[in-house]
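*Asks:*
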């Protein structure tokens, strides 16, 4: 399976290309590539249309830096009454399906552990 094919756009004059695919993804950035891979994994034929000469979008230029929580700092912080209320309301709601129920159970377990450990 070929995920992408680089096309040197500057070397070609404007031309009409006719291709068929089950899915056409516009944009070869992070979201577009994930969409294309997901579709291909489900058996769809996929074409990715990208304006740049490379794939990756912002992922190609972000320098490997991404935001993530600081667990040590978060452990020392208290939750506000509003945050506590929001979590308690969310974990007491009726789940929409089995996946939702599993996610709610995981959040509830983390929340109960947080309450027990202060």
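Numbering (our numbering), first residue to last: 286 to 403. Ideal placement from N, C-alpha and C gives every residue a C-beta, glycine not left out. Owing to the predicted nature of the structure, the values given are computational and were not obtained by experimental measurement.
What would DSSP say about residue 328, mapped onto helix, strand or coil?
*Replies:* Residue numbering aside, residue 328 sits at position 43 when the chain shown is read from its first letter. Of the three classes helix, strand and coil, the one that applies to residue 328 here is coil, per DSSP.
*Asks:* Roughly how far, in whole angstroms, is the beta-carbon of residue 311 from the beta-carbon of residue 334, given that I think they are within contact range, below 8 Å?
*Replies:* In the chain shown, the residue the question calls residue 311 occupies position 26. In the chain shown, the residue the question calls residue 334 occupies position 49. The Cβ separation is near 5 Å, so the contact holds.
*Asks:* If you run the structure through DSSP and keep just helix, strand and coil, what is residue 333?
*Replies:* Here residue 333 refers to the residue found at position 48 when the chain shown is read from its first residue. Correct three-state label for residue 333: strand.
*Asks:* Confirm, please, whether the CB-CB distance from residue 356 to residue 330 is below 8 Å.
*Replies:* Within the chain shown, the letter at position 45 stands for residue 330. Within the chain shown, the letter at position 71 stands for residue 356. Not a contact, by the Cβ cut-off of 8 Å.
*Asks:* By alpha-carbon positions, which one of 320, 389, 338 ends up nearest to residue 380?
*Replies:* In the chain shown, counting from the first residue as 1, residue 380 sits at position 95. When each option's Cα is compared against that of residue 380, the closest is 389.
*Asks:* Rounded to the nearest angstrom, what separates residue 337 and residue 326 at their Cα positions?
*Replies:* Mapped onto the chain shown, residue 337 falls at position 52. Mapped onto the chain shown, residue 326 falls at position 41. Each residue's Cα considered, the two are about 25 Å apart.
*Asks:* Between residue 315 and residue 344, is the Cβ-Cβ spacing less than 8 Å?
*Replies:* Counted from its first residue, the chain shown places residue 315 at position 30. Counted from its first residue, the chain shown places residue 344 at position 59. Yes, the pair counts as a contact, with Cβ atoms nearer than the cut-off.
*Asks:* Less than 8 Å between C-beta atoms, sequence neighbours within five positions excluded: which residues of the same chain meet that for residue 375?
*Replies:* Within the chain shown, the letter at position 90 stands for residue 375. Excluding sequence neighbours, residue 375 sits near 389, 392.
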